[in-house]
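Everything below concerns the one structure shown next.
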Amino acid sequence: MRRKLVAGNWKMHGTLQKNAVLLEEVRRGVSGLGCEVAVCPPYPYLGQAQSILAGSAVGLGAQSVSEHAFGAYTGEVSAAMLLEFGCRYVLVGHSERRALHGETDAQVAAKFEAARNAGLVPILCVGETLAERQAGRTESVVAGQLSAILDRFGVAAMAAAVVAYEPVWAIGTGITASPAQAQAVHAAIRARVAARDAEVADGLRILYGGSVKPQNAVELFGQADIDGGLIGGAALVADDFLNICLAANR
Ligand code: PEP
1072 MRRKLVAGNW KMHGTLQKNA VLLEEVRRGV SGLGCEVAVC PPYPYLGQAQ
1122 SILAGSAVGL GAQSVSEHAF GAYTGEVSAA MLLEFGCRYV LVGHSERRAL
1172 HGETDAQVAA KFEAARNAGL VPILCVGETL AERQAGRTES VVAGQLSAIL
1222 DRFGVAAMAA AVVAYEPVWA IGTGITASPA QAQAVHAAIR ARVAARDAEV
1272 ADGLRILYGG SVKPQNAVEL FGQADIDGGL IGGAALVADD FLNICLAANR
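Last residue of the sequence shown: 1321 (the numbering used here), numbering continuous.
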């Protein structure tokens, strides 16, 4: 039985003052829940989140990581640095990183491996654009993004990772993949991993992301291959985020 995970991606939002309120509310609200909950604030707030969440059930994650361990990479942050701030998770390959920062599959794979080598759990984000879906290419696009990891590092690399299926057309748009659409892609992802190792596939948590709200979370999380969610906008509103966590707790 896979334990559900709900991770909040704050993107570039927050202030010290607002975060303090949000983090306290999330910390209080998740106590006693059976699902796992994590938040991914911007880098400068990791220290604040680490201290407010200390000893709580809420895990901490970052939104990106350098593929390099250290060195002359101005503006970058290494996996070891994230560990020092108590991170357990890190997003790699978020569609905004791919689209706005030109991250390629090869770079995403290098970040994935840097995270894993340091002991972080990478959350590998995959997903198709609207044009790719309309051209009937959803499964092949997602398969290619997965293969970038599987072909390079082998299926064992997935044993200590999480996948997030995030259709690009659903991120921040208010348009959610229907439960059936999402389930079909999740099942295809699991089948692809299972073709290499059934046990790894069975244990792999595959999150759905893309305009998850309290109103649609129960049905999405009720699908056989949806193991929780990666939440953007709704993660900034404590009540919404907590209600989504509750939906993962059934
Ligand atoms: C995201 O940023 O990964 C995301 C899924 O955003 P939203 O929930 O706002 O669509």
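Note that the Cβ used here is the ideal one computed from N, Cα and C, for glycine as well.
From a predicted model like this one, the values you see are computed outputs, not experimental measurements.
Which of the three DSSP states is assigned to TYR1144 in this structure? One-based indexing of the sequence shown puts residue 1144 at position 73. Correct three-state label for TYR1144: coil.
Does the beta-carbon of HIS1165, which I'm using as the reference point, lie nearer than 7 Å to any heavy atom of the ligand PEP? Indexing the sequence shown from 1 puts residue 1165 at position 94. With a cutoff of 7 Å, HIS1165 counts as near the ligand PEP, since its C-beta is closer than that to a heavy atom of the ligand.
Closest to ARG1159 by C-alpha separation, out of VAL1148, ALA1189 and SER1137, would be which residue? Numbered from its first residue, the sequence shown carries residue 1159 at position 88. Nearest of VAL1148, ALA1189 and SER1137 to ARG1159, Cα basis: ALA1189.
Give a single yes or no on whether ALA1241 has its beta carbon closer than 7 Å to a heavy atom of the ligand PEP. Within the sequence shown, numbered from 1, the residue matching residue 1241 stands at position 170. Yes; taking the cut-off as 7 Å, the Cβ of ALA1241 has a heavy atom of the ligand PEP nearer than that.
Since GLY1132 contacts SER1166 with CB under 8 Å, what's their CB separation in whole angstroms? Within the sequence shown, numbered from 1, the residue matching residue 1132 stands at position 61. Within the sequence shown, numbered from 1, the residue matching residue 1166 stands at position 95. That pair is no contact at about 17 Å.
When you compare only the Cα positions, how much space is there between ALA1202 and ALA1170? Taking the sequence shown and counting its residues from 1, one reaches residue 1202 at position 131. Taking the sequence shown and counting its residues from 1, one reaches residue 1170 at position 99. Looking at the two C-alpha atoms, the distance is approximately 14 Å.
Cutting at 8 Å between CB atoms, please list the residues of its own chain near VAL1012, excluding the five before and the five after it. Outside the shown range of the chain, which is 1072 to 1321, sits residue 1012, and nothing can be said about it.
N-terminal and C-terminal residue of the alpha helix (DSSP H) that ALA1091 is part of: As a position in the sequence shown, residue 1091 is number 20, starting the count at 1. Membership of ALA1091 in the alpha helix (DSSP H) is indicated by the continuous run 1087-1101.
Helix, strand or coil for GLU1270? Go by DSSP, reduced to three states. The residue labelled residue 1270 in the question sits at position 199 within the sequence shown. Three-state DSSP puts GLU1270 in a helix.
Cβ distance (whole Å) where LEU1076 is taken to contact CYS1106 below 8 Å: Stepping through the sequence shown from its first residue, residue 1076 is reached at position 5. Stepping through the sequence shown from its first residue, residue 1106 is reached at position 35. Sure, about 7 Å apart at Cβ, within 8 Å.
Thinking GLY1130 and ALA1109 are a contact (beta carbons under 8 Å), I'd like their distance in whole angstroms, please. As a working note, residue 1130 is residue 59 in the sequence shown. As a working note, residue 1109 is residue 38 in the sequence shown. Rounded, the Cβ-Cβ distance is 4 Å, consistent with contact.
Determine whether the beta carbon atoms of ILE1302 and GLY1280 lie at a separation below 8 Å. Walking along the sequence shown from the start, residue 1302 turns up at place 231. Walking along the sequence shown from the start, residue 1280 turns up at place 209. A distance below 8 Å separates the beta carbons of ILE1302 and GLY1280.
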